[in-house]
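One structure is given below, encoded as structure tokens.
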Amino acid sequence: MKKLLLVLLLSHHAMAYLYSTGVDGKKLRWNGSRTNINLYANPVDQNSLNINSDDVQAAINEGVDEWNKVSPLKVNPVFTSYPPELGAGASFRFSNNPAFFGKGVLAITSINYDSSNGSIMSADILMNESFYSGASFTSDKSSSSGPVAYVGDVITHELGHLLGLNHSEVHDSSMIYSIFKGQHSIHSDDKSGIKSLYDLSSETGIKGKVLREGHSPVFGAHVQAINLETNEVAMGVFTEEDGSFEIKGLDANESYVLFMAPMRSKANLLERFTTVQSNYCGGKVYSPSFFSKCGARHMGNAQAIYVTQSEMVDVGVFSVKCSTPAKSEYLVQKLDESADAAVVHSYFEESKLHTTFTGYFTESEIKDGTDPDKLILDYSGLDVGAWGQLYLKVNVSTRKLGSAIGLNLHSKRADEATSSSYSVSSDPVTAKLLLDYEFSRPLSSLNSNNIFELNIYPQELTSSEKTEIFASQKSLTNERSIYFISATIVDSFGNQLEAFDDTPYEDNSLCMEGDAGPGSKAYEPLSNVSSTLGQQQGMSCATIKDAGEGNNQGTLSFIFGLIVAISFFALCKKGNDSFV
445 MKKLLLVLLL
455 SHHAMAYLYS
465 TGVDGKKLRW
475 NGSRTNINLY
485 ANPVDQNSLN
495 INSDDVQAAI
505 NEGVDEWNKV
515 SPLKVNPVFT
525 SYPPELGAGA
535 SFRFSNNPAF
545 FGKGVLAITS
555 INYDSSNGSI
565 MSADILMNES
575 FYSGASFTSD
585 KSSSSGPVAY
595 VGDVITHELG
605 HLLGLNHSEV
615 HDSSMIYSIF
625 KGQHSIHSDD
635 KSGIKSLYDL
645 SSETGIKGKV
655 LREGHSPVFG
665 AHVQAINLET
675 NEVAMGVFTE
685 EDGSFEIKGL
695 DANESYVLFM
705 APMRSKANLL
715 ERFTTVQSNY
725 CGGKVYSPSF
735 FSKCGARHMG
745 NAQAIYVTQS
755 EMVDVGVFSV
765 KCSTPAKSEY
775 LVQKLDESAD
785 AAVVHSYFEE
795 SKLHTTFTGY
805 FTESEIKDGT
815 DPDKLILDYS
825 GLDVGAWGQL
835 YLKVNVSTRK
845 LGSAIGLNLH
855 SKRADEATSS
865 SYSVSSDPVT
875 AKLLLDYEFS
885 RPLSSLNSNN
895 IFELNIYPQE
905 LTSSEKTEIF
915 ASQKSLTNER
925 SIYFISATIV
935 DSFGNQLEAF
945 DDTPYEDNSL
955 CMEGDAGPGS
965 KAYEPLSNVS
975 STLGQQQGMS
985 CATIKDAGEG
995 NNQGTLSFIF
1005 GLIVAISFFA
1015 LCKKGNDSFV
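Take the position in the sequence shown, starting the count at 1, then add 444; the result is the number in the numbering used here.
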């Protein structure tokens, strides 16, 4: 019998959905005709963490409800003081067995599966009640910060593993390997992952190839589709060895922009990604960027891609960028405080009601906080007379891009004497800062008044705020502090007057960047090797052991771990240790 031990660490730090796969690449999922599984849960089991059993039950029910809303396979919690033995079904329990937990490990999910088809045979969630690492659980969602983890954040994450999902790099995804405030609520990326895993995704979506100079492929680039209506990352994927990507299952009749970033923490993802490289810009890592058209006039404007019910939109080549693309007018006003505000959209010139814009703040600008980016959205060329009351709707984003800054924004219409102010808010339940937001401004009945000036000030975050929002500041935040704005005109009911759509789409074949050369190949593990992968926030360990026993099913085991990283932890088991 072969036993595979895989520990994927989730730390108190902040990731495209990935399936859990076996050694041969088969997806791990609960198969057969079953539509539900019983999760036998012991919410106390000599729990020494002073978490009330009622609170644990409530957190389990909360996490189960989150996944049951979207998963075709329903989880039915059965609370009992006598759950089945490990490996005998689906279970939840507390444990202080040091064989399962290294320092800082919050919980693990152990999965037994049939290697012939990837069918999950049993899954066990174990919560660490020993916790000699200095971290602790809490039942208070608003107190989850630093070394203290809300128990529901951990449980919802582990339930995703139990269903067959691996880790993600989409910010706010419950399947990010690092614990953060609000992880008890699943994200659109989690929903897409579970639907795709159980073959419920449609074939609608966006595909293309991430390449660099010489049409050289980029393996492991993180491509995300951001829904321009909801202002959320709908789904993220990593590119294959040839640079190709397919984002399937996007909601039809919606508009999206594509955002690409280097893989942030390959040590916490699937083993095949351990060979991924990102230093394609003269030895430096390529920049996060949006899919834009070539040419100076399109710098900083992401192409809006409209997805219909019957197609997979092929956008062609998406080139890496070695710097943050920005309009020349915008750069002038950043370098010269006396310069006029940069006109980033003019309806008179472009005849479009919608636009997108990408800007950035330097470290010194963030620390100073008093020098704004000055932008103009000019809709004076729009005849509003026949429409009734219209509004300018603006979405502002930093969080989903991995930028650890807030934005304070002041908006003034041409006929107004004072500005309207907008800033980050706090989640009413967790008290975590919400960096991304939207606002609306009424248009004037006099066309010439509809010129809007936006003054955007960076807001520096404290270390504790960054930890609550991103958790893994060093590995998963964007050092360039870029921000993204989308704007469009809506009616009094919030309906867009036109869809975000920049057809005909143009690929980046004529504006390639990055060093040419061969691409990296996926790591293919041998059947009897062990490897150790480490990073500052945690470690990902894979050990394969052949016990010398025959077995027709080829039963293997996965163990997923969730950690709180408050120091560097060496968690790999050595020798012939087996955890099942």
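Where a beta carbon is used, it is the ideal one built from N, C-alpha and C, also for glycine.
At a Cβ-Cβ threshold of 7 Å, residue 685 and residue 471 do not count as neighbours. Three or more beta-carbon pairs drawn from the region 665-674 and the region 696-703 are found closer than 8 Å, and the two stretches are therefore classed as touching. Counting along the chain, residue 500 sits inside the alpha helix (DSSP H) bounded by residues 497-512. DSSP, reduced to helix, strand and coil, places residue 957 outside both helices and strands of the structure shown, so it counts as coil.
In the three-state DSSP reduction, residue 764 falls in the coil class, being neither helix nor strand.
Taking residue 786 as reference, the option from 802, 731, 841 and 851 with the minimal CA-CA separation is 802.
The shortest CA-to-CA distance from residue 605 to any of 626, 852, 621 and 768 is the one to 621.
The C-alpha of residue 860 is placed about 49 Å away from the C-alpha of residue 595. Residue 762 sits close to residue 654, with the two beta carbons spaced by under 7 Å. Residue environment: residue 812 is assigned as exposed (fewer than 16 neighbouring CB atoms within 10 Å of its CB, all protein chains considered). Residue environment analysis places residue 562 among the buried positions, since at least 16 neighbouring C-beta atoms fall within 10 angstroms of its C-beta.
Residue 764 places its beta carbon less than 7 Å from that of residue 656.
Leaving aside the five residues that flank residue 580 on each side, the residues in its chain whose CB is nearer than 6 Å to its CB run, in chain order, 592. Scanning the region 841-874 for uninterrupted beta strand (DSSP E) segments of 3 residues or longer gives 849-857 and 864-866, listed from N- to C-terminal end.
Shown here, residue 770 sits in coil according to DSSP, grouped into three states, outside any helix or strand. Under the DSSP definition of a beta bridge, residue 818 partners with 899. Of 872, 853, 626 and 640, the smallest CA-CA separation from residue 864 is found for 853.
Taking a 10 Å sphere around the C-beta of residue 526, we find fewer than 16 other C-beta atoms and assign the residue as exposed. In this structure, residue 821 sits away from residue 933, with a CB-CB distance that is not shorter than 7 Å. In the three-state reduction of the DSSP assignment, residue 708 falls in the coil class.
Annotated as proximal: residue 738 and residue 955, with beta-carbon spacing under 7 Å.
With a cutoff of 7 Å on beta-carbon distance, residue 630 and residue 618 are scored as near each other. Sixteen is the threshold: when 16 or more other Cβ atoms of the shown chains lie within 10 Å of the Cβ of residue 487, as they do, the residue is buried. Cβ atoms of residue 951 and residue 759 come within 8 Å of each other, at about 6 Å. Nearest in C-alpha terms to residue 705, of all of 720, 666, 660 and 742, is 666.
Note that the region 921-930 touches the region 731-745; at least 3 beta-carbon pairs, one per stretch, sit closer than 8 Å.
Shown here, residue 786 sits in a strand according to DSSP, grouped into three states. Residue 723 counts as exposed, since fewer than 16 other C-beta atoms from the protein chains shown sit within 10 angstroms of its C-beta.
Contact between residue 520 and residue 483 holds: their C-beta atoms lie close to 7 Å from each other, under 8 Å. Shown here, residue 622 sits in a strand according to DSSP, grouped into three states. When the five nearest sequence neighbours on each side are left out, the beta carbons in the same chain lying within less than 8 Å of the beta carbon of residue 586 are those of 873, 874 and 875, in order along the chain. Across the set 740, 799 and 757, the C-alpha of 740 shows the shortest separation from the C-alpha of residue 772. If you look at residue 484, you'll find it in the beta strand (DSSP E) that goes 480-485. Residue environment for residue 776: exposed (fewer than 16 other C-beta atoms within 10 angstroms of its C-beta). Distance from the Cα of residue 826 is smallest, within the candidate group 893, 608 and 535, for 893.
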